[in-house]
Amino acid sequence: MASKRGAATEMDDDQTEFETSKGVKVIRSFDQMGLKEDLVRGIYAYGFEKPSAIQQRSIKPIIEGRDVIAQAQSGTGKTATFSISVLQAIDTQLRETQALIMSPTRELAVQIQKVILALGDYMNVQCHACIGGTNVGEDIRKLDYGQHIVSGSPGRVFDMIRRRNLRTRSIKMLVLDEADEMLNQGFKEQIYDVYRYLPPSTQVVLLSATLPHDILEMTRKFMTEPMRILVKRDELTLEGIKQFFVAVEREEWKFDTLCDLYDTLTITQAVIFCNTKRKVDWLTEKMREANFTVSSMHGDMPQKERDAIMKEFRSGASRVLITTDVWARGIDVQQVSLVINYDLPNNRELYIHRIGRSGRYGRKGVAINFVKSDDIRILRDIEQYYSTQIDEMPMNVSDLI
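To convert a position in the sequence shown, counted from 1, into the working numbering, add 245.
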C-alpha cells in the first residue's frame, strides 16, 4: 500500500476511533465540503444535519479524485458517503454513465439507487438499478436512454457491458460497496471482468464493514496510492447493542425458545437469521403452523416477491422477518432493534453484518444468539475477534428493547 498509515488515531465526538492514512482531514459540516448547491439542498432535504464520522473523513478525498478504502460498520452512513461523492463528481449535462456502483445483493443495489435519487432530487440525475432477476429489455431501454449513474450487481452489470448497452467510455468512478462480500470468491472474477472494460484512469472507492487482510492485498491490483480510512477492528461491534446467548441443548429446542420469545419480538421489529434457505422456509412454515405471524425472504425468491416483502417490512406492516444473510448486507430499516441468530453465522465477518442491523446510527439494539453446545467455540471466537462480551440472556430481556 503506497500510502503509509498515520501513527496518530483520531477520535471523533462520538468516540468512534479511526486508524487512517496521514493527511485525512475531518470536515464537520456538509457546507464546508465544497459541494454543488443543489446537492447540499438534497442532503438537508433528506434529513441529514451533520456528517457522520466516516462522511467527515471520506467525502472530501473521494471528490478530490483519490482512490479510497473506507471501513465503517453498518449504520455509520457509508451509503450516503459514496452517494454524495458520486453526485458531486458527475456532470448531469452529459447523459452518459459516469459512475458505476457495485454491491453484492439486488436489494442493496436498489436501495443505493433510491438514496442517490433522493439526495440528487434537485439535480435532475438519472440513476438505474441494473440487477439480475429483472427484465433485460427494461435494462437495455433505460441504459440506451442514458444514465449518469448505474447501481448494480456484478453479473448483470457485466452482461450489459458485454452487450454494449452499458457504455463505459465516460465512467470515471467505480464504487465497490460491501467489498468483503463482493471480493470473496463468488464475485471476484466478475468484478475483474467489469474492471477490464473501464477506462484506465477510473477512480476506485471501496467500502466495507470488515476488511480482512487478503482483501487489502487485492486492492493493490486496482487502486493507486489509496487513502485508507479505517475503523479499528475491536470497535466494530456497534456500541449500544446488547448481545446475549441462549444455550439450547438440541437443535429442536431452538423453535420452542423462539416461540417463547415471540411476544418480545413484536414489541418493535425483529429479524431472525438462519444459515440456509431451506431452514428459512422450514422455520417460516413451522411458525405459521403455530399461529405466529412472520414474513420471510431469501435469495431464491423471485425479485418481485422480495421487493413486496421488503416494502411490507419497511412500512412496519410486518414485524418479524426470517431471512438468510442476503438481508444482512446493508438493508436499512430504522425500526429494527432486535436481531436473533437462530443459527450462528458460518463466519465471524457475517456476525457483524447481522447484528449491525439492530441499532443504526448509535440507536440501541439487542442481539440474541441461539447456541448449541457445539457452537460455544464459535461464540467464544466471535467474542475474542471483536473484543466484545456476549452474556447469557436475562429473564427480563423485553425491558431492554
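Think of the CB as a built atom: it goes at the ideal place given N, C-alpha and C, for glycine as much as any other residue.
Q | Within the segment 369-423, ranges of the alpha helix (DSSP H) (whole runs, at least 4 residues) | A | Runs of the alpha helix (DSSP H) inside the segment 369-423: 381-390, 399-407.
Q) Taking buried to mean at least 16 other C-beta atoms within 10 Å of its own C-beta, is S274 buried or exposed? A) By the Cβ neighbour-count rule, S274 is exposed, with fewer than 16 other Cβ atoms within 10 Å of its own.
Q | DSSP three-state assignment for M468, whether helix, strand or coil | A | Three-state DSSP puts M468 in coil, outside helix and strand.
**Q.** Alpha-carbon to alpha-carbon, M640 and K433
**A.** Each residue's CA atom was taken as its position, placing K433 and M640 some 45 Å apart.
Q) Quick one, are the C-beta atoms of L589 and L510 less than 8 Å apart? A) Their beta carbons are not under 8 Å apart, which means L589 does not touch L510 by this criterion.
Q: Would you be able to state if there are at least three C-beta pairs under 8 Å between the segment 274-292 and the segment 436-446?
A: Taking 8 Å as the limit for Cβ pairs, the verdict is that the segment 274-292 does not touch the segment 436-446.
Q. If we count the other Cβ atoms within 10 Å of its Cβ and call it buried at 16 or more, is H543 buried or exposed?
A. So H543 counts as buried.
Q: Give the range of the alpha helix (DSSP H) segment to which L624 is assigned.
A: Residues 621-630.
Q: Determine the closest residue to R625 out of R599, R593, M638, V642, with distance taken between C-alpha atoms.
A: Measuring from the Cα of R625, the nearest candidate turns out to be R593.
Q: Specify the secondary structure class of E637 as computed by DSSP and reduced to three states.
A: Residue state, collapsed to three classes: strand.
Q) Taking Cβ positions, are V491 and F467 nearer each other than 8 Å? A) No. Outside cutoff.
Q: Pull up the distance between the alpha-carbon of F558 and that of A363, whole angstroms please.
A: In a straight line, the C-alpha of F558 is about 20 Å away from that of A363.
Q) What are the start and end residues of the beta strand (DSSP E) that includes F293? A) F293 -> no beta strand (DSSP E), and no H or E assigned at all.
Q) What is the rounded straight-line gap between the Cα of T379 and the Cα of E534? A) Their backbone Cα atoms lie some 32 Å apart in a straight line.
Q. Would S560 be called buried (16 or more neighbouring beta carbons within 10 Å of its own) or exposed?
A. Flag for S560 reads exposed.
Q. What span of residues does the beta strand (DSSP E) with A315 cover, start to end?
A. Boundaries of the beta strand (DSSP E) around A315: 313-316.
Q. Ordered along the chain, which non-local residues of its own chain (more than five positions away) have a Cβ less than 7 Å from that of K270?
A. Only residues of its own chain outside the window of five on either side were considered, and among them K305 have a CB closer than 7 Å to the CB of K270, listed in chain order.
Q.
Between which residues of its own chain and I416 is the CB-CB distance below 8 Å, once the five residues before and five after are set aside?
A. Shown here for I416: same chain residues with a beta carbon closer than 8 Å to its own, the five before and five after excluded, namely T342, Q343, A344, L345, L443, P444, T447 in chain order.
**Q.** Pair within 8 Å by beta-carbon distance, I314 and L451
**A.** Contact: yes.
Q: Could you name the residues that DSSP lists as bridge partners for Q448?
A: Paired residue(s): M418.
Q | Reduced DSSP secondary structure (H/G/I, E/B, other) of T513 | A | Shown here, T513 sits in coil according to DSSP, grouped into three states, outside any helix or strand.
Q: Could you pull the start and end residues of the alpha helix (DSSP H) that S303 belongs to?
A: Its alpha helix (DSSP H) spans residues 298-308.
**Q.** Residue from D570, K556, C372 whose Cα sits closest to the Cα of R564
**A.** Closest by C-alpha distance to R564, out of D570, K556, C372, is K556.
Q: Rank R551, C504, R351 by C-alpha distance to the C-alpha of F615 and give the top, closest one.
A: The candidate whose alpha carbon is nearest that of F615 is C504.
Q) According to DSSP, which residues form a beta bridge with T569? A) When DSSP reads this structure, T569 sits in no beta bridge, so it has no partner.
(Q) For D570, count the other beta carbons within 10 Å of its own beta carbon; 16 or more makes it buried, fewer makes it exposed. Which is it? (A) When all chains shown are included, D570 counts as buried.
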